[in-house]
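Right, one structure below, let's go through it.
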Amino acid sequence: MGTEETHDDHGHHLPAVEDWPRGFGEASWWPFVTAVGGAGIYVAAALYILGRGENAIVGPVVGPAVFVGSVALFLAGIYGWLYHAFVSHFWSRTASEKGESKLRWGMLAFLGSELGTFGALFGYYFYIRAGAWPPQELPHLLGSLVLVNTALLIASSLTLHWAHVGIRQNNRKKFVGGLAVTLLLGLIFIGGQVYEYYEFIVHSDFSLTTGIFGTAFYGLTGLHGLHVSLGAVILGIVFVRALMGQYSAERHVSVSTASMYWHFVDVVWIFLVVVLYAGAEIGA
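The numbering used here runs 728 ahead of the 1-based position in the sequence shown.
In C-alpha cells, the structure reads:
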C-alpha cells in the first residue's frame, strides 16, 4: 500500500501521518533519522570529553549542545517511525499475518543491533576488569536501592506478560490494567535510577569522569536507562491506544513488539546487576 494511495488520516492532524519523504512508496527514512540521532549521542559524549581540561580541543558547550540536538533528532525519528508504522493507517488496513511477521522480524533485527551496542560497552568493562582491580576507589554499588529497582523491573515484565495474555484472550480489563501497572513500575524504576545517580554524584563523589570504571558504569547504566525511558514512551503509546479500544485478540502486533522490547531491557538489566554491580565489588 503506497503512501500516495492512502491519504485518509481518520481524523488525525499530527505530523507523520504519511511516510516521509513522499513518493517513496513503502520506503521510510524515519529509521535512518532515528539512527543518526542515536549516533549523535555517542558523538556528543566524545565531544564532551574532548572539551574538558586545559588543552581542550573543542569548546565546553559543544558536547552538551550536540547531545541535546541528537536527542531531539532521535525522539523525532522514533515518533515518525512508530506513528507511521502503527497509528496513522490503523483503521484503514486489515490485519495481515504477513505484515505482522515483518514487524516482529524487524523488532528482532533491531534488538540484535542493540545487543551489539551493549556488547561494545560490556567489552570495555571486561577489558578494564581484567586488569588491576579495583582501578579506583569504588562506592558501595550493590545496595538496597538497586535490589528494589531490579525487583520492580522484573515485576514489570510479569505484569506486561499478564497484560499480553489478557488481550490475546480479549480480556480488555486485564489488558489495560496490566499495561497501567507495567508503565507505573517502569516510571518508578527510572526515578530510582535518577536518585541513584544523585546519591553517587553528590554524596559519593562518583561521576562519569571519576576514573575508567566511572565511564564504564555510567555508560552502561545510562544507555540502559535511555532504553527504559524509550520503552516507557512506547508502552505509553500502547496504553493510550488500548484506552481507545484499538486492540483485540486478532490485532495486537504492536503489543507483541513492545513486549519483546521491554523483556529485552529487563534481561539486560539483570545481566548488568550481576556483571557490573555485583561483579565490581568482587575482589574490591
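Yeah, the Cβ is synthetic: ideal placement off N, Cα and C, and Gly gets one too. Given the structure is predicted, the values throughout are model-derived calculations rather than measurements.
Per DSSP, reduced to three states, the secondary structure at V786 is coil, with no helix or strand assignment.
Here N877 carries a helix assignment [DSSP, helix/strand/coil]. Three or more pairs of CB atoms, one per stretch, sit closer than 8 Å, so the stretch 932–942 contacts the stretch 861–873. From the listed residues V1003, Y926, H892, the smallest Cα separation to E978 is found for H892. Cα atoms of N877 and L948: separation of roughly 16 Å, rounded to the nearest angstrom. Per DSSP, G964 is one residue of the alpha helix (DSSP H) stretching across 939–971. One Cα belongs to A804, the other to L915, and the distance between them is close to 21 Å. For a cut-off of 8 Å, the C-beta gap from H952 to W990 is around 13 Å, too long to register as a contact.
Burial of F945 is indicated by the presence of at least 16 other C-beta atoms within 10 angstroms of its C-beta. Y853 carries a helical assignment under DSSP once its states are collapsed to helix, strand and coil.
When secondary structure is reduced to three states using DSSP, R780 falls in the coil class, being assigned neither helix nor strand. Residue state for Y811 is assigned as helix, using DSSP reduced to three classes.
In the three-state reduction of the DSSP assignment, E927 falls in the helix class.
In the three-state reduction of the DSSP assignment, Q921 falls in the helix class.
If you draw a straight line from the Cα of G964 to the Cα of G950, it is about 21 Å long. Put simply, the stretch 848–856 does not touch the stretch 918–929. Fewer than three CB pairs are less than 8 Å apart.
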